[in-house]
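Read through the structure below, which is laid out as structure tokens, and then see the notes.
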Amino acid sequence: MPNWAFGTVEITGMREGMRSFIERFITSDEPSTIPGKRFFARSFIQWKREECINKAMMIFKGAPADAKATYSLEVEFAWSAYSCIINGYPQRNGKECITLAEACVEDQVSVVIRTSEPGLGFEEHIAGDEAGNVNYAESEMSTYKCCHCGETMCLASFEDPEDQDCPECGECGFELCKEE
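Note that the working numbering numbers the sequence shown so that position 56 is 80, with each residue one more than the last.
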């Protein structure tokens with residue numbers, strides 16, 4: 025059973041590019057990928073494909089045909105986003121999988137991806153542009169302590185510790201642990 029990196033993928037592009045990029049994720053549809061279309065290895069959205077695409081296309085309502093827009097969706101990556109869409113699984117799965125750089129060029133979109141992998145305590149920040157340039161950064165998540173019971177957990181820099189529910193006591197609110 026792999027660890028999972030959970031995060032958001034923010035896509036900026038025109039209608040067809042955004043549609044194509046979303047179609048590259050694995051879904052619960054049957055089939056889970058589009059036959060003949062290169063997809064992101066081990067990268068999952070939990071919605072039906074058309075439901076996700078319809079939500080994304082709503083942001084273009086009333087916009088000119090050449091308009092660009094930004095849409096965010098939640099994605100789960102097996103192990104890490106890096107190994108699923110940058111280097112690792114795409115190269116091992118050859119012709120059927122695509123890298124983030126290739127997808128950004130083919131679909132003419134730019135993306136910002138932020139993930140957290142709480143099991144191993146790391147977070148990722150990835151940015152890709154329409155020219156296929158990809159920047160990747162990984163860092164350790166900080167440890168926070170529940171303000172009510174003292175339970176500790178790791179949180180990513182983009183998560184608000186005040187909004188987190190404690191898995192131990194169910195209360196809300198964490199504070200950063202001071203290093204000794």
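Cβ atoms here follow ideal geometry from the backbone N, Cα and C, with glycine treated the same way.
Item to check | Residues that DSSP places opposite TRP28 in a beta bridge | outcome: As a first step, residue 28 must be located in the sequence shown, where it is residue number 4. BP columns for TRP28 point to ALA102.
Next on the checklist: Going by DSSP, what residue range makes up the alpha helix (DSSP H) through ASN78?
Outcome noted: Counting from one through the sequence shown, the residue named residue 78 turns up at place 54. Counting along the chain, the alpha helix (DSSP H) containing ASN78 begins and ends at 73-82.
Next on the checklist: Whole angstroms are fine: how far does the CA of ALA29 sit from the CA of ALA102?
Outcome noted: Translated into positions along the sequence shown, residue 102 becomes position 78. Translated into positions along the sequence shown, residue 29 becomes position 5. When rounded, the separation of the alpha-carbon atoms in ALA102 and ALA29 is 6 Å.
Checklist entry - Is GLU40 buried or exposed, if buried means 16 or more other CB atoms sit within 10 Å of its CB? => result In the sequence shown, counting from the first residue as 1, residue 40 sits at position 16. Classification of GLU40: exposed, given that the 10 Å Cβ count is below 16.
Next on the checklist: My assumption, with CB atoms under 8 Å, is that ARG66 sits in contact with TYR113. Please give the rounded CB distance.
Outcome noted: Counting from 1 along the sequence shown, the entry for residue 66 is found at position 42. Counting from 1 along the sequence shown, the entry for residue 113 is found at position 89. Contact holds; Cβ gap of about 6 Å.
Checklist entry - Is it true that the CB of GLY145 sits closer than 8 Å to the CB of CYS178? => result Numbered from its first residue, the sequence shown carries residue 178 at position 154. Numbered from its first residue, the sequence shown carries residue 145 at position 121. Yes, the Cβ-Cβ distance between CYS178 and GLY145 is below 8 Å.
Item to check | Spatial distance of CYS173 from ARG138 (CA atoms) | outcome: Along the sequence shown, read from residue 1 onward, the residue named residue 173 stands at position 149. Along the sequence shown, read from residue 1 onward, the residue named residue 138 stands at position 114. If you draw a straight line from the Cα of CYS173 to the Cα of ARG138, it is about 29 Å long.
Next on the checklist: With a threshold of 6 Å on Cβ separation, who are the neighbours of ASP53 within its own chain once the five nearest residues in sequence on each side are excluded?
Outcome noted: Along the sequence shown, read from residue 1 onward, the residue named residue 53 stands at position 29. Around ASP53: LYS72 and ARG73.
Checklist entry - Is it right to say CYS193 is buried, meaning 16 or more other beta carbons lie within 10 angstroms of its own, or is it exposed? => result In the sequence shown, counting from the first residue as 1, residue 193 sits at position 169. Result: exposed.
Checklist entry - Among all the DSSP beta bridges, which residues are the ones paired with LEU97? => result As a working note, residue 97 is residue 73 in the sequence shown. For LEU97, which the question treats as bridged, DSSP gives the partners VAL33.
Checklist entry - Residues in its own chain within less than 6 Å of ASP131 by CB, not counting five upstream and five downstream? => result As a working mapping, residue 131 is identified with position 107 in the sequence shown. Excluding residues within five positions, the ones whose Cβ falls inside 6 Å are GLY41, SER44 and PHE45.
Next on the checklist: Could you tell me which whole alpha helix (DSSP H) segments of length 4 or greater appear in the segment 117-184?
Outcome noted: Complete alpha helix (DSSP H) runs here, min 4: 124-131.
Checklist entry - Where does PHE64 sit, in a helix, a strand or coil, going by DSSP? => result Taking the sequence shown and counting its residues from 1, the one referred to as residue 64 is at position 40. DSSP places PHE64 in the coil class of the three-state scheme, outside both helix and strand.
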